[in-house]
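S.K.:
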Amino acid sequence: MTQRSDAPAVPLDVGAALPTMARGWSRSTLVDWCDLIDDGPFSSISCGERITFHNTEMLTTMGAAAGRCDRVRVLLNLAVGPWHHTALLAKQVATLDVITDGRVELGLGVGGRPQDFEALGVDWSYRHQRLDDQVAELRRWWAGDSVLDGAPPLGPPPVQPGGPPLYSGAMGPKATARAARWADGISWFDLSLDATEVTAAAGRAADAWADAGREGRPHLKVACFVALGEGSTPTLRSFTENYLAIFGRRFAADTAATATLDDPSALTDALLGLADTGVVDEVILVPATVDPRCGELMANVVGALAPAR
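Residue numbering for the sequence shown follows our numbering, starting at 164 and increasing by one per position.
1) Name the residue from ARG377, ALA433 and PRO204 whose alpha carbon lies nearest to the alpha carbon of CYS387.
2) For GLY274 versus SER350, is the C-beta spacing smaller than 7 Å?
3) For the alpha helix (DSSP H) that contains PRO455, what are its first and last residues?
4) Count the other CB atoms, across all protein chains shown, that sit within 10 Å of the CB of SER206; report buried if there are 16 or more and exposed otherwise.
5) Determine contact between the region 272-290 and the region 300-308, defined as no fewer than three beta-carbon pairs at a distance below 8 Å.
6) Could you pull the start and end residues of the beta strand (DSSP E) that VAL267 belongs to?
7) With C-beta atoms as the reference, is THR452 less than 7 Å away from ALA228?
8) Here's the rule: buried if 16 or more other CB atoms are within 10 angstroms of the residue's CB, otherwise exposed. What is LEU241?
9) When you compare the CB positions of ARG456 and GLY392, do they come within less than 7 Å of one another, or not?
10) Is the Cβ-Cβ distance between ASP426 and LEU399 less than 7 Å?
11) Do the region 357-376 and the region 400-407 meet, that is, are 3 or more Cβ pairs less than 8 Å apart?
12) Starting from HIS247, follow the beta strand (DSSP E) in both directions and report where the run begins and ends.
13) For THR258, which residues of its own chain have a beta-carbon under 7 Å away from its beta-carbon, when the five flanking residues on both sides are left out?
14) Pick helix, strand or coil for ALA143, following the three-state DSSP scheme.
15) Skipping 5 residues on each side, what residues in its chain have a beta carbon closer than 8 Å to that of THR421?
16) Report yes if the CB atom of VAL385 is closer than 7 Å to the CB atom of VAL446, and no otherwise.
17) Would you give the residue range spanned by the alpha helix (DSSP H) that ALA299 belongs to?
18) Out of GLU360, ARG380 and SER309, point me to the one whose CA is closest to MET334's CA.
19) Could you say which of ALA299, GLY348, ALA342 and LEU311 lies nearest to GLY325 if we only look at CA atoms?
20) How about PRO245 and ARG293: are their beta carbons less than 7 Å apart?
Structure below.
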């Protein structure tokens, strides 16, 4: 893609997720996409987690990605904290931080799918308080405190002092207010990267940070589904509908019909629109297909807007 003459370099990072939520995942998918992302203009590699779905397990996948990628940040986006035993999660994330020489970022959320909790035998109740408690323990153990009296500290020590940056998946006002007490920023989602919606969300997060007595504004990441290449429109809509089917077929179909990031021009315009707001630190492109051609076209768009990245 040729850079538009009226398009300055975008003053935000653009990361790419692995297509773990798309059908057809294999070892070659992992290798091809890791190489594409690490060699390209992207700032991070990431994936999310679900249980009662066809995706690969997040920490295993990101461990493989961490071993393959030498440059990009490794973002866990998001770990559903209440699913995980906190000491084990602390050790797993610290291990990733060592493997990557300090390039890990951890997104944390409470989860929104009761089926996944039931499948794991985990209680659905009090999720928000449990996550708050987990964060305090993660921070304490990464700082070198012992998990048990008389036991050695939990290791390995993370490369980043105090542990990796923490991002909250909070979306509602109450959850955002809680996140303002412990998070370094918010990792959000917007299907079309609508600048008005994202700006409003950023304003709510900034207000929560101020109310909590935090200095500065929270770092904001925003993810979106993307499909580029042949058949991109039906691919994007089918992917979105399948991903959201757990919330009801009608809701999933209606929402999928609003997905718009299915050609390079639409993605270019969306990134430029967010750049103009000045409130977003990183956009995460989540591919709706395992086809590497989609990743190549994503890289073309991002590279054209930020050729010096």
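Ideal placement from N, C-alpha and C gives every residue a C-beta, glycine not left out.
M.R.: Result, derived from the coordinates:
1) ALA433
2) no
3) 455-468
4) buried
5) no
6) 267-272
7) no
8) buried
9) yes
10) no
11) no
12) Here HIS247 belongs to no beta strand (DSSP E), and DSSP marks it neither H nor E.
13) PRO319
14) Limits of the chain in this structure are 164 at one end and 472 at the other, which puts residue 143 out of reach.
15) LEU354 and SER355
16) yes
17) 290-305
18) GLU360
19) ALA299
20) yes
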